[in-house]
Every structure is written in C-alpha cells, then in structure tokens.
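Asker: I'd like to ask you about the structure that follows.
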Amino acid sequence: MISSNLIKRGLFIVFEGPEGAGKTVQAARLAEYLGKIGYGDGKAIHEPGGTRIGETIRGILLDINNKGMQPLAEFFLFLAARVKFVCDIVKPKMENGEIVVADRFALSTMAYQIYARGLPEEQCLTAIDLAVQGCEPDVYFLLLVDPEIGRNRQGLQGKKPDRFESENLDFHRKVTEGYVHFSQRLQNCVVIDTDHLTVEEIQKEVVDYLRKRFGDRFPNL
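All the letters of the sequence shown, read from the start, carry residue numbers 7 to 227 under the numbering used here.
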C-alpha cells in the first residue's frame, strides 16, 4: 500500500476575468493538457455549475429573461451553487490528489456583485468565506481585457449574450475595476493583460508559470 504521505496534494486552479477575456478557452486548454499527462478527464468545470443543483442555478442566473433579479438574490444564488461545487467536486478531487481547473470562483463574486452591483463589502466577504469553507485556489489566473475589446471578441464568436454579457459597457468597466481592486488583496493571483495577446501566447504564460511554481507536475508533452 502506498503511504498517504507520498500522495501529492491536489491543486485548485481558477481562471477569472471580465467577459471576453478568454478565461473559458484557457481553462479548457489547461484541463486538456492535464488530461494528457494523467490528471482528470481533460475538462474544466465552469462555476456556477459542475453539479445538478449548480447547473440549475446557472441557468437561472444567465437567463436574460431574469434581468430584473435583485443583486442580493443574485449573490446568494451564486453562493448556493458554490457550496455544492466545493463540497461535491473541489474538496473530494483535491483529497484524491487531483488538479481541479475552474472557470470562475469567488473573485468573480467580489468583482460583479460587490464592486459592480454595490453590495456591502464586509458582509458579503463574510458570506463568501462561509460558502468556500476554507477552500482557496492555489492559483488565480486573472485575465484582463478592455471591455470594448472583450465585447468585440464575443461578437466575432457569434454568441447570443446572456444576462451578464448584455449589461452595458459602464457595468463591465466597473467589473474590471473590481477585479483589479480585489486581486491586489490576493497572494496567489497572476494577472495577464490579454488585449494584444493571442490564445497561444496566453496559454504559454499560464503553463510557464505553473512549471516554474510546481515543477514536474506540469511536464512538457
């Protein structure tokens, strides 16, 4: 039997950023790479989501027909989905030595609901801490983009805007400010300005950082 002391601790890696920054693409690429080297099924998990309850809540939050939702209701829906995500996915996988890659986590709530929506910071941060149950990402990759560039990227993809994407540019500028504001409080946040970078260049920065920090857990293919 292999000693539990020899099992490497799992890792929790999160991609964050405003709309059109490319976090979903980068999360998917990293998860695919990890699948090739033996970590997981090659798929990133979007948050909210990943569980049956989380996906149901995600549908409610993104539905453009729910545009009149109160910010506080929005906030607690995110937290409800996050509790399931942490308990059912992140903690079990990390205890098993796996590497979890997520598209969004708590930093999004700080940027969108606290900073951009204007909810009370101290009370909301306490609620966020309660929901994550001490489960903090080992690395946050914060991908930043000018809101107009982000919107143009999404337009080129031909995607129908969801409830958040359909907000005006002033809202998205506030979200970006919120990301910068709260990221400065984190010890484990890597900020990448994506305005003039290709998908491949961003991916290289991500993997280079992970190899430098975690060594042989991220080998060359």
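Idealized CB from N, CA, C, for every residue including glycine. All values derive from a computational prediction rather than experimental measurement.
Is residue 85 helix, strand or coil by DSSP?
Answerer: helix
Asker: Which same chain residues end up closer than 6 Å to residue 53 when comparing Cβ atoms and leaving out the 5 residues on each side of it in sequence?
Answerer: 91, 108, 110 and 111
Asker: For residue 187, tell me which candidate among 170, 162, 134 and 117 has the shortest Cα-Cα distance.
Answerer: When each option's Cα is compared against that of residue 187, the closest is 117.
Asker: What's the C-alpha gap between residue 215 and residue 132?
Answerer: 31 Å
Asker: Is the number of C-beta pairs between the segment 94-101 and the segment 157-165 that are closer than 8 Å three or more?
Answerer: Cβ pair count under 8 Å is below three, so no.
Asker: What would DSSP say about residue 52, mapped onto helix, strand or coil?
Answerer: Collapsing the DSSP output to three states places residue 52 in a strand.
Asker: Take every Cβ of the segment 73-93, pair it with every Cβ of the segment 34-49, and state whether three or more of those distances are shorter than 8 Å.
Answerer: Judged by pairs of C-beta atoms under 8 Å, the segment 73-93 does not touch the segment 34-49, as fewer than three such pairs exist.
Asker: If you draw a straight line from the alpha carbon of residue 55 to that of residue 218, how long is it in whole angstroms?
Answerer: A direct Cα-Cα distance of roughly 30 Å separates residue 55 from residue 218.
Asker: From residue 224 to residue 130, what does the alpha carbon distance come to, in whole angstroms?
Answerer: 35 Å
Asker: Where do the N-terminal and C-terminal ends of the beta strand (DSSP E) with residue 215 fall, by residue?
Answerer: The continuous stretches of beta strand (DSSP E) do not include residue 215, which lies in the alpha helix (DSSP H) extending over residues 205-220.
Asker: Specify the secondary structure class of residue 118 as computed by DSSP and reduced to three states.
Answerer: helix
Asker: Given residue 2, which residues of its chain have a CB within under 6 Å of its CB, disregarding the five upstream and five downstream residues?
Answerer: No answer is possible for residue 2: the residues shown for the chain start at 7 and end at 227.
Asker: Given this structure, state the Cα-to-Cα distance separating residue 173 from residue 222, to the nearest angstrom.
Answerer: 42 Å
Asker: From the DSSP output, in three-state form, read off residue 24 for me.
Answerer: coil
Asker: Can you find the residues in the same chain that come closer than 8 Å, C-beta to C-beta, to residue 213, ignoring five residues on each side of it along the sequence?
Answerer: 36, 39 and 224
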